[in-house]
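Enquirer: The structure is given below, and queries will be raised subsequently.
Protein chains in written order, with this note's numbering: chain A, 1037 to 1201; chain B, 115 to 666.
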């Protein structure tokens, strides 16, 4: 059997080298699929068709399987995130402390349902299953920074600041 | 690394610590960090340097009562300060050796006195990124003792003797599981740690991985020695970046010290650990789904048998335990099985860590002996329900558990007792609800969660959770009938009995337990079109399209 030659990098973008590094570290083994997709998402912010194709080909995984994995796991995103991201935790403790009101207020203010980005690409509104900061519920991640005991007004102020940037 | 070398390190750490007059421990767990404990630590260091005081400022893992954060403990006096911010740093440093700062001092004696700390014994005392700190508190002693003085079957015997049961929720006897993997044939076996804490509202495993990562690694190494494995995987949620980075550091340090790798402690035992990231799927907490995910596939469960103990990762015998189970191993090996078995109740031994959250005064992590009454946890340790509200229910076991009403608070916490009242122990989430929570809406919340987390492989779970959600939505918006309620109960029984994996089998629990204990709320919704807690909006028109679109 001829030795496997991985496909060339899609472009000169240096981030592809990081992605390739993860695959090489795992010996281009098929089970490195999720690890590699994590690397792609942290480098590019999301997964697009080209990157999924490249990873699938490099790891010799059927494209259907790679796409299946990407869509199965909530953590992977197929759309580019906005400039800022507000993530509202929807875990049980946060729900008991009224996170549904936060979601409703943010949806109303931004005019988009959860999981979407505003048309100007400024703000993404996401919900998380649980970030593990339940003791400070309700929790909002403001560009990844954990903010506990969040009040609706406080969150709206933050959205206001981002919107006019 | 030998035992002598280990003792040498422990000695040098204590000598080093003895140089300082005071130790100021700052909690750097996620909850305290989100309130600026990182800035506080810098300020304390700066203040200590400025005054020339002989002080060691140490970052530690979770101290427990997160609602009082950021927390600072001054040793050796053991003074605990709460709600500390960077502005208080100078006052704290100035008070060292004198009278404590009165405004910041907190009285949580009742909170701590009822607790017994085994898993959390190091939490708040060591720097999680320093292996030497862990070694100085008897870390890795159990591993090296086992390698040099005990046989693998001796280790299993001790775990069996301790009566430890799986802390992930199932409660399967740990010794029995280890014995099965040890007996399985083949020279290649795996040890896997389940750190996919999917239960929304629980964070015990995160705190252990962040606050004391070496304890998990040592437990896994002991397990690997006992069952004859040489490779381990820790499966951690990607939503826990701090846990991932602390574990990565811990693994690197352990390798550097020769506590992971080849010929550990000059014995033929080889063991190494790798981290695998989860990607946000609740079902991956189920063992066969977790293994599929480590193999890089979709996290869909498969039928058992064969159990992972016989055919797991890549078809090899695999031992799979939860983070907290592994965290219990080293103390059991050190102190003996009987020591552990003396704690707890008849059939549930040892202690259990709970994440106490919701409508309760002292939210945070608590570790209590099994058999303790729920009332004690909630009213004494937790400090009761705040704001003049009345307690309504406590939810254990997350989306797989049930709601326990006020009349049953005198129940002793154990696997069997919780199961008997229609809930489960679960991984340790404990969410307190007061009179502002609508139990029908709570049931709907959990069913909605299970519906979106169902992997879709088996019909009862995929279609059943969607139908449960439709019925509950109808009841919540006021269009439900008593026939719907009857249908809901019989649907629950069907899902329970016919689902493929634990997710489906336990998804009806929140519904059944709320119907059992809070039936009057369901009837209020259906007959009187009224939500007693004022949560459900009865005037809104029935949601169009949503409930009916997902079907088999």
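We put the beta carbon where it would ideally sit given N, CA and C, even for glycine.
No experiment lies behind these values; they were computed from the predicted model shown.
Please classify residue 348 of chain B: is it buried, with 16 or more other beta-carbons within 10 angstroms of its beta-carbon, or exposed?
Expert: buried
Enquirer: Leaving out five residues on either side along the sequence, give the residues of the same chain with a beta carbon under 7 Å from the beta carbon of residue 1086 of chain A.
Expert: 1046
Enquirer: I'd like to confirm the pairing. Which residues does DSSP put opposite residue 188 of chain B in its beta bridges?
Expert: B:138, B:193
Enquirer: For residue 354 of chain B and residue 309 of chain B, what's the separation of their Cα atoms in angstroms?
Expert: The alpha-carbon atoms of residue 354 of chain B and residue 309 of chain B are separated by roughly 10 Å.
Enquirer: Should residue 1169 of chain A be counted as a contact of the ligand ZN given a C-beta to heavy atom distance under 7 Å?
Expert: Ligands are entirely absent from the displayed structure, and the ligand ZN is therefore not among its contents.
Enquirer: Can you give the Cα-Cα distance for residue 323 of chain B and residue 638 of chain B, rounded to whole angstroms?
Expert: 45 Å
Enquirer: Counting only the same chain and skipping the five closest in sequence on each side, list residues whose C-beta sits under 6 Å from that of residue 234 of chain B.
Expert: 481
Enquirer: Would you mind reading off the limits of the alpha helix (DSSP H) that contains residue 1131 of chain A?
Expert: Element bounds for residue 1131 of chain A: 1128-1132.
Enquirer: By the three-class DSSP mapping on this structure, what secondary structure does residue 1120 of chain A have?
Expert: strand
Enquirer: Kindly list, in the order they appear in chain A, the residues whose Cβ is closer than 7 Å to that of residue 354 of chain B.
Expert: 1168
Enquirer: How many Å lie between residue 301 of chain B and residue 1190 of chain A at the Cα?
Expert: Residue 301 of chain B and residue 1190 of chain A have their C-alpha atoms roughly 58 Å apart.
Enquirer: According to DSSP, is residue 509 of chain B part of a helix, a strand, or is it coil?
Expert: strand
Enquirer: Please classify residue 213 of chain B: does DSSP put it in a helix, a strand, or coil?
Expert: In the structure shown, residue 213 of chain B sits in coil (DSSP, three-state: anything other than H, G, I, E or B).
Enquirer: Do you know how far the Cα of residue 312 of chain B is from the Cα of residue 647 of chain B?
Expert: In a straight line, the C-alpha of residue 647 of chain B is about 28 Å away from that of residue 312 of chain B.
Enquirer: Could you pull out every residue in the same chain whose Cβ sits closer than 8 Å to the Cβ of residue 658 of chain B, ignoring the five residues on either side in sequence?
Expert: Here the model assigns residue 658 of chain B a pLDDT of 45, short of 50, so the residue's position is not dependable and the matter cannot be decided.
Enquirer: When the Cβ atoms of the stretch 1072-1092 of chain A are set against those of the stretch 1111-1119 of chain A, are three or more pairs found closer than 8 Å?
Expert: Touching, yes.
Enquirer: Closer than 9 Å by beta-carbon distance: list the chain B residues that pair up with residue 1148 of chain A, in chain order.
Expert: The premise fails here: residue 1148 of chain A is roughly 17 Å from chain B at the closest Cβ pair, so nothing lies under 9 Å.
Enquirer: Which one of B:611, B:546, B:407 has the shortest CA to CA distance from residue 569 of chain B?
Expert: Closest by C-alpha distance to residue 569 of chain B, out of B:611, B:546, B:407, is B:407.
Enquirer: Measure from the alpha carbon of residue 556 of chain B to the alpha carbon of each residue in B:326, B:371, B:488, B:621, then state which is nearest.
Expert: B:621
Enquirer: Within its chain, find whatever has a CB closer than 8 Å to the CB of residue 1098 of chain A; leave out the 5 residues flanking it on each side and keep chain order.
Expert: 1092
Enquirer: Can you check whether the CB of residue 1106 of chain A is closer than 8 Å to the CB of residue 1146 of chain A?
Expert: no
Enquirer: Please return the same chain residues whose Cβ sits closer than 6 Å to the Cβ of residue 497 of chain B, not counting the five positions on each side in sequence.
Expert: 475, 476
Enquirer: Beta-carbon separation of residue 553 of chain B and residue 507 of chain B under 8 Å?
Expert: yes
Enquirer: Whole angstroms are fine: how far does the CA of residue 450 of chain B sit from the CA of residue 181 of chain B?
Expert: 35 Å
Enquirer: Would you verify that the beta carbon of residue 545 of chain B is, or is not, closer than 8 Å to some beta carbon of chain A?
Expert: yes
Enquirer: For residue 1112 of chain A, decide whether its Cβ has a neighbour in chain B, counting only Cβ atoms nearer than 8 Å.
Expert: Output row for residue 1112 of chain A: interface = yes.
Enquirer: Taking C-beta pairs closer than 7 Å, name the residues in chain B that residue 1132 of chain A reaches, listed in chain order.
Expert: Here the neighbours are 472, 473, 545, 547, 551.
Enquirer: Along the chain, where does the beta strand (DSSP E) that runs through residue 218 of chain B open and close?
Expert: No beta strand (DSSP E) holds residue 218 of chain B; DSSP gives it neither H nor E.
Enquirer: Which of helix, strand or coil does DSSP assign to residue 436 of chain B?
Expert: In this structure, DSSP gives residue 436 of chain B an extended state, which the three-state scheme calls strand.
Enquirer: Chain A beta carbons: is any one of them nearer than 8 Å to that of residue 507 of chain B?
Expert: no
Enquirer: With a cut-off of 8 Å on the beta carbons, I'd call residue 403 of chain B and residue 414 of chain B a contact; round off their distance for me.
Expert: 6 Å
Enquirer: Using only CA atoms, which one of B:427, B:542, B:210 lies nearest to residue 479 of chain B?
Expert: B:542
Enquirer: By the 9 Å beta-carbon criterion, what residues does the stretch 389-414 of chain B contribute toward chain A?
Expert: Taking 9 Å as the Cβ-Cβ cut-off against chain A, the residues of the stretch 389-414 of chain B that qualify are 390, 391, 392, 393, 394, 395, 396, 398, 407, 408, 409, 410, 411, 412, 413, 414.
Enquirer: Alpha helix (DSSP H) containing residue 574 of chain B: first to last residue?
Expert: 573-590
Enquirer: If you compare alpha carbons, which of B:412, B:400, B:222 is closest to residue 418 of chain B?
Expert: B:400
Enquirer: Using 8 Å for Cβ pairs, my map puts residue 455 of chain B next to residue 463 of chain B. What's the rounded Cβ distance?
Expert: 5 Å
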